[in-house]
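**Student:** Please find one structure pasted underneath; my questions will follow.
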């Protein structure tokens, strides 16, 4: 089973975006420095690059990096790959910086690991100091990816993007007429107790997306303010909770229970719909349904570089990032629907993707996705402070007592 793409955002993460946004002082990354512009020059002999992934992003991008190594043998001799969880990332990087023994050159992360590092000022200011070595991101990115790029504050580069959800995923053998509105979903849940499920939002990408997307569906007063702007949302979730048996701690369990027939409807996203069906974790014939009036809550993965990296390595990394954003390489991120569609830049179509990706999407993709993505608005996720506030309130008032560990 794959690792869920969303790890719990900690309170420290929330403070990170808040403090950084307000210009408050932060730690100095253990005194680790950023190379001067003059020192950022390509090496005279090939270097080893050490990549750590805390977002499941290597499934989408490892081939891109391997392509770069193959095409630039005079710059890169070897790339090592390790994986970790987002909550442990900042502490791991800072400990290495404090000891002066940094062995991480490139981090692949979601918004959680990104913002935790922003709080402690761990990341190189890529756009602030070395933008001349990167392409013009604003003109290259799809508009929603460009908005996700803004969250990085110049200290990260979006490499993959997807519209996410929220979506209903259902068994058509059990649900002949799927709910099309929030009201119909609540009525269906009441008529079919314990047959609807979503995972605890703080542990689940689809659960989190459902939590952030519901205020748009319900036309709540302020979808960006879970404290004062979600009165309809919190009441709806309380009403829905009456008909939910428990909340798993991860998305994979909801997929398993849908596949086994324990649940008839679960909350999902484009990637969680397609990829588990490709992998055989969920029956191929399950269907999806978007609720009336929904807004896509978008998501992205970032490339970030810890302070302390040498000028020569940084020069190679910046060049590799530039190549990773080329349409030919971005087409690889279609993968097997894991982060569907995947590409963050304009002009990348499925026909440009590898044959294996084209076949997987042809067989397991959804013809309706193109229209749903084109016809419905898109909004970036809540900032970390607001999201942790929403998580905490959900735990206290909605489902915290019904969370079931897998």
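Numbering (my numbering), first residue to last: 1146 to 1551. Just so it is clear, CB atoms sit at the ideal spot from N, CA and C, and this is done for glycine as well.
1. Taking DSSP's pairing of strands, which residues face residue 1446 in a bridge?
2. Pull up the distance between the alpha-carbon of residue 1311 and that of residue 1532, whole angstroms please.
3. Give the range of the beta strand (DSSP E) segment to which residue 1195 is assigned.
4. How many angstroms separate the CA atom of residue 1209 from the CA atom of residue 1260?
5. For residue 1251, which residues from the same chain have a beta carbon less than 7 Å from its beta carbon, with the 5 sequence-adjacent residues on both sides left out?
6. How should residue 1179 be labelled, buried or exposed, when 16 other C-beta atoms within 10 angstroms of its C-beta is the threshold for buried?
7. Residue 1301 to residue 1318, Cα distance in whole Å?
8. Return the CA-CA distance between residue 1470 and residue 1390, expressed in angstroms with no decimal places.
9. Would the region 1410-1428 and the region 1472-1484 be scored as touching if the rule is three or more Cβ pairs under 8 Å?
10. What are the residues that DSSP puts in a beta bridge with residue 1413?
11. Do the region 1344-1358 and the region 1507-1515 make contact, defined as three or more Cβ pairs closer than 8 Å?
12. Please state if the CB of residue 1489 and the CB of residue 1213 are separated by a distance shorter than 8 Å.
13. Residue 1502: buried (16+ other C-beta within 10 angstroms of its C-beta) or exposed?
14. Which of the three DSSP states, helix, strand or coil, is assigned to residue 1441?
15. Mind checking residue 1308: buried by the 16 CB within 10 Å criterion, or exposed?
16. Following the continuous alpha helix (DSSP H) through residue 1533, name the residue where it begins and the one where it ends.
17. Over what stretch of residues does the beta strand (DSSP E) that includes residue 1552 continue unbroken?
18. Just verifying my parser: in three-state terms, what is the DSSP assignment at residue 1113?
19. Measure the C-alpha to C-alpha separation of residue 1374 and residue 1530 and round it to an integer number of angstroms.
20. How would you label residue 1438, buried or exposed, when you count the other beta carbons within 10 angstroms and need 16 or more for buried?
21. If you follow the beta strand (DSSP E) that residue 1224 is in, where does it begin and where does it stop?
22. CB-CB under 7 Å to residue 1505, same chain, minus the five flanking residues each way: which ones, in chain order?
23. Could you check which residue in 1346, 1277, 1384, 1207 has the C-alpha nearest to that of residue 1581?
24. Exposed or buried, residue 1170, counting other C-beta atoms within 10 Å across all chains shown (16 or more means buried)?
25. Let's see if you can read the secondary structure: which residues bound the beta strand (DSSP E) around residue 1432?
**Tutor:** Concretely, from the data shown:
1. The residue given as residue 1446 occupies position 301 in the chain shown. Paired residue(s): 1305.
2. Position 166 of the chain shown, counted from the start, is the residue given in the question as residue 1311. Position 387 of the chain shown, counted from the start, is the residue given in the question as residue 1532. The alpha-carbon atoms of residue 1311 and residue 1532 are separated by roughly 16 Å.
3. As a position in the chain shown, residue 1195 is number 50, starting the count at 1. It spans 1192-1198 - the beta strand (DSSP E) in which residue 1195 sits, taken as one unbroken run.
4. Taking the first residue of the chain shown as 1, we reach residue 1209 at position 64. Taking the first residue of the chain shown as 1, we reach residue 1260 at position 115. The alpha-carbon atoms of residue 1209 and residue 1260 are separated by roughly 25 Å.
5. As a working mapping, residue 1251 is identified with position 106 in the chain shown. Excluding sequence neighbours, residue 1251 sits near 1194, 1196, 1448, 1450, 1462.
6. Taking the first residue of the chain shown as position 1, residue 1179 is located at position 34. Buried is the call here.
7. Here residue 1301 refers to the residue found at position 156 when the chain shown is read from its first residue. Here residue 1318 refers to the residue found at position 173 when the chain shown is read from its first residue. Near 45 Å, if we compare the C-alpha coordinates of residue 1318 and residue 1301.
8. For this step, residue 1470 is matched to residue 325 along the chain shown. For this step, residue 1390 is matched to residue 245 along the chain shown. So the alpha carbons of these two residues sit roughly 44 Å apart.
9. yes
10. Counting from 1 along the chain shown, the entry for residue 1413 is found at position 268. 1312.
11. no
12. If you number the chain shown from 1, residue 1213 lands on position 68. If you number the chain shown from 1, residue 1489 lands on position 344. Their beta carbons are not under 8 Å apart, which means residue 1213 does not touch residue 1489 by this criterion.
13. Here residue 1502 corresponds to residue number 357 of the chain shown, with the count starting at 1. Its Cβ being crowded by 16 or more others within 10 Å, residue 1502 is buried.
14. Here residue 1441 is taken as the residue at index 296 of the chain shown, counted from 1. In the structure shown, residue 1441 sits in a strand (DSSP, three-state: E or B).
15. One-based indexing of the chain shown puts residue 1308 at position 163. Under this definition residue 1308 is a buried residue.
16. The residue you call residue 1533 lines up with position 388 of the chain shown. Residue 1533 -> alpha helix (DSSP H) spans 1529-1538.
17. With the chain covering only 1146 through 1551, there is no way to say anything about residue 1552.
18. Look at the range of the chain in this structure, 1146 to 1551, and you will see that residue 1113 is not part of it.
19. Taking the first residue of the chain shown as position 1, residue 1374 is located at position 229. Taking the first residue of the chain shown as position 1, residue 1530 is located at position 385. So the two alpha carbons sit approximately 15 Å from each other.
20. Along the chain shown, read from residue 1 onward, the residue named residue 1438 stands at position 293. Per the 10 Å Cβ criterion, exposed.
21. As a working note, residue 1224 is residue 79 in the chain shown. Note, residue 1224: beta strand (DSSP E), 1221-1228.
22. Position 360 of the chain shown, counted from the first residue, corresponds to residue 1505. So the qualifying residues of the chain are 1423, 1481, 1482.
23. Because the chain here runs from 1146 to 1551, residue 1581 falls outside it and cannot be looked at.
24. Locating residue 1170 in the chain shown gives position 25, where the first residue counts as 1. Residue placement at residue 1170 cannot be trusted, given a pLDDT of 33 that sits under 50; what the coordinates show is reported in the next sentence. With fewer than 16 Cβ atoms within 10 Å of its Cβ, residue 1170 is classed as exposed.
25. Stepping through the chain shown from its first residue, residue 1432 is reached at position 287. Segment 1432-1434, the beta strand (DSSP E) holding residue 1432.
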